[in-house]
Amino acid sequence: MRQVTLRVRWADMDAYQHVNNAIYLNYLEEARDTLMVGLFGPEALDFVLAHVDIDFRNEVTQDDGEVTVQSRVIGYGRSSVRSREVVRKPDGSLAAEGGAVVV
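First residue of the sequence shown: 2, per the numbering used here; consecutive thereafter.
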């Protein structure tokens with residue numbers, strides 16, 4: 002498992018002053034990239050995202066300041082790796098969870 006802490010930026014906000022839903026995918030990607038490099042080295046970033054899913058659990062705003070994202074491998078095939086990511090607010094509450102398949 003790898004964990005990254007990411008700053009919530011003004012540009013991440015939508016019109017309702019929540020982190021835009023698409024930005025969560027960037028958060029997941031940052032953690033997943035860190036995981037892959039940690040496991041397989043820099044050449045691990047030469048992959049294609051084949052599937053991604055996400056469930057939104059709790060809004061994140063700029064007032065939260067940062068989020069912590071954990072990523073872990075949950076399985077693998079001959080040419081693919083499955084991961085799960087969890088986004089948490091500074092108070093530890095779950096903001097989103099998702100997963101990916103990379104090939």
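Cβ atoms here follow ideal geometry from the backbone N, Cα and C, with glycine treated the same way.
query                                                                                        : result
Secondary structure of F48, DSSP reduced to three states                                     : coil
Segment contact, 8 Å Cβ cut-off, at least three pairs: the region 39–54 with the region 5–16 : no
Span of the alpha helix (DSSP H), counted from its first residue to its last, around E86     : Not the alpha helix (DSSP H): E86 falls in the beta strand (DSSP E), residues V82 to R89.
Through-space distance from L7 to E67, alpha-carbon basis                                    : 5 Å
Euclidean distance between Cα positions of G39 and R3                                        : 8 Å
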